[in-house]
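Engineer: The structure that follows is given in the form of structure tokens.
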Amino acid sequence: MNRAELISQIKAKQSFLCVGLDVDKEKIPTFLLDFEDPIFEFNKRIIDATHKYCVAYKPNIAFYESQGSKGWDTLEKTVNYIPENCFTIADAKRGDIGNTSKMYAKTFFETYNFDSITVAPYMGEDSVTPYFGFKDKWVILLAATSNVGGLDFQYRNIDQGKMLFEKVLETSLEWGNKDNLMYVVGATRADILKKVRAIVPDSFLLVPGVGAQGGSLKDVVLNGINKDCGLLVNASRSIIYAGNTEEFALDARDEALRMQQEMAAYLKEFQII
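If you use my numbering, the sequence shown closes out at 312, no skipped numbers anywhere.
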């Protein structure tokens with residue numbers, strides 16, 4: 040999916056919601072365990088219930104590869120089931136030398152046909168640029184995360200008061216552009232989000248942390264929205280685990296709809312729709 044198509048979906052659905060499919064078998068409703076593939080059955084029902092209200096889905100790869108070959112089969116079936124008008128994100132956080140990165144890119148862009156993959160920038164340019172060799176595919180670079188450990192490196196001053204994440208952003212602009220490069224920015228640091236937007240005004244930002252992690256959608260919008268919206272706000276647990284009965288998909292739908300309606304109001308306020 041290219042940039043124009045993504046923006047078109049945001050406007051059509053009046054939403055910039057991304058649903059995270061971080062599915063723990065121990066947390067899904069127990070009646071699903073009777074199915075041959077419980078996680079796929081869970082994902083299928085979540086997708087059926089929410090696809091009208093979101094523009095993206097983000098399976099966290101660790102939750103699938105931890106199940107061995109069956110988990111990879113579940114992942115493939117899940118990605119194939121997602122409607123074509125939804126942007127897909129392989130939340131894999133890969134980061135390795137160039138020839139290995141190329142194989143990761145082939146895995147997620149060709150074998151599993153994801154639209155994008157999250158990538159760690161620590162090893163530098165030659166570990167990131169191999170992902171750019173695929174048409175209409177995206178790198179989503181880890182930029183400024185909100186986990187406690189992010190303080191260890193990302194927010195350290197390294198150059199005349201400039202923090203490391205700012206250096207990552209500035210340098211990455213030499214590798215990719217607004218049509219193939221997004222950034223992960225945590226929702227719980229509104230001050231950091233504002234700094235990120237100042238450096239990459241036209242880029243899309245994938246923003247996790249709204250919902251169960253306590254991030255504020257209002258703060259994200261006020262500090263991160265641009266003329267094209269430029270945001271994909273991810274919610275995982277608050278949507279997929281909104282209910283735990285046989286009606287869990289309806290509960291997920293209600294939470295996705297609530298977020299979509301709030302997002303639609305912001306898109307109208309900022310004259311994007």
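Here a beta-carbon is modelled for each residue, glycine too, at the ideal position from N, C-alpha and C.
Grab the span of the beta strand (DSSP E) containing Val224 for me, first residue to last.
Structural biologist: From DSSP, the beta strand (DSSP E) with Val224 extends over Leu220 to Val224.
Engineer: Use the C-beta contact count for Phe192: other C-beta atoms within 10 angstroms, 16 or more gives buried, fewer gives exposed.
Structural biologist: Exposed.
Engineer: To the nearest angstrom, report how far apart Glu286 and Ile278 are at their CA atoms.
Structural biologist: C-alpha separation (whole angstroms): 13 angstroms.
Engineer: Is it true that the CB of Ser211 sits closer than 8 angstroms to the CB of Leu220?
Structural biologist: Yes, the Cβ-Cβ distance between Leu220 and Ser211 is below 8 angstroms.
Engineer: Should Gln53 and Leu245 be called a contact, given that it needs their Cβ atoms to be closer than 8 angstroms?
Structural biologist: No, these two residues do not count as a Cβ contact at 8 angstroms.
Engineer: To the nearest angstrom, how far is the alpha carbon of Asn186 from that of Asn283?
Structural biologist: If you take the alpha carbons of Asn186 and Asn283, they lie about 27 angstroms apart.
Engineer: Check each candidate in Arg133, Pro240, Pro247 and Pro160 and name the one with the smallest Cα separation from Arg228.
Structural biologist: Nearest C-alpha to Arg228: Pro247.
Engineer: Taking the continuous beta strand (DSSP E) assigned at Ile85, which residues delimit it?
Structural biologist: Run containing Ile85: none in the beta strand (DSSP E); it sits in the alpha helix (DSSP H), Pro77 to Thr89.
Engineer: Does the segment 132–141 come within contact of the segment 109–121, defined as at least 3 CB pairs closer than 8 angstroms?
Structural biologist: Segments in contact, no.
Engineer: Taking the alpha carbon of Ala182 as the reference point, which residue from Ile128, Pro68 and Val235 has its own alpha carbon closest?
Structural biologist: Selected option, being the one with the closest Cα: Val235.
Engineer: Is it right to say Gly263 is buried, meaning 16 or more other beta carbons lie within 10 angstroms of its own, or is it exposed?
Structural biologist: With 16 or more Cβ atoms within 10 Å of its Cβ, Gly263 is classed as buried.
Engineer: So for Ser155, helix, strand or coil by DSSP?
Structural biologist: Here Ser155 sits in strand by DSSP.
Engineer: Rounded to a whole number of angstroms, what is the C-alpha to C-alpha distance between Lys316 and Pro98?
Structural biologist: There is no way to answer for residue 316, as the model of the chain reaches only from 40 to 312.
Engineer: What does the alpha-carbon distance come out to for the pair Trp214 and Thr127?
Structural biologist: Cα-Cα distance, rounded: 22 angstroms.
Engineer: Hey, out of Leu270, Val249, Leu256 and Gly254, whose CA is closest to Val239's CA?
Structural biologist: That would be Leu270, whose Cα lies nearest to the Cα of Val239.
Engineer: Quick one: what's got a C-beta closer than 8 angstroms to Asp76's C-beta in the same chain, skipping five residues either side?
Structural biologist: Excluding sequence neighbours, Asp76 sits near Lys109, Asp112, Thr113 and Lys116.
Engineer: Sorted by chain position, which residues of the same chain lie with C-beta nearer than 8 angstroms to Asp63's C-beta, five sequence neighbours on each side aside?
Structural biologist: If we look at Asp63 and ignore the five residues flanking it on each side, its Cβ neighbours are Phe102.
Engineer: My parser needs the alpha helix (DSSP H) runs of 4 or more residues fully inside the segment 189–246; what are they?
Structural biologist: Listed in chain order, they are 203–211 and 229–238.
Engineer: Under a three-way DSSP split, which group does Val62 fall into?
Structural biologist: Here Val62 sits in coil by DSSP.
Engineer: Ordered along the chain, which non-local residues of its own chain (more than five positions away) have a Cβ less than 6 angstroms from that of Gly254?
Structural biologist: Cβ neighbours of Gly254 beyond the five flanking positions: Ala226, Thr227 and Gly248.
Engineer: Please check the pair Phe147 and Ile136, which I expect to be a contact at CB under 8 angstroms, by giving their CB distance rounded to whole angstroms.
Structural biologist: 17 angstroms between Cβ atoms; not a contact.
Engineer: Inspect the beta-carbon positions of Met40 and Asp175 and report whether they are closer than 8 angstroms.
Structural biologist: Closer than 8 angstroms, so yes.
Engineer: Locate the beta strand (DSSP E) running through Leu181, then write down its first and last residues.
Structural biologist: Start and end: Trp177 to Ala183.
Engineer: Is it buried or exposed, Leu72, if we count other Cβ atoms within 10 angstroms and call 16 or more buried?
Structural biologist: Leu72 is exposed by the Cβ-count criterion.
Engineer: Spell out the partners DSSP gives Thr146 in its beta bridges.
Structural biologist: Paired residue(s): none; Thr146 is not in a bridge.
Engineer: Just the Cα atoms here: how many angstroms apart are Met302 and Leu261?
Structural biologist: So the two alpha carbons sit approximately 12 angstroms from each other.
Engineer: Can you look up Phe287 in the DSSP assignment and give me helix, strand or coil?
Structural biologist: Phe287 falls in the helix class under three-state DSSP.
Engineer: Closest to Leu190 by CA distance: which of Phe81, Ile231, Lys217 and Tyr120 is it?
Structural biologist: Of Phe81, Ile231, Lys217 and Tyr120, the residue nearest in Cα terms is Ile231.
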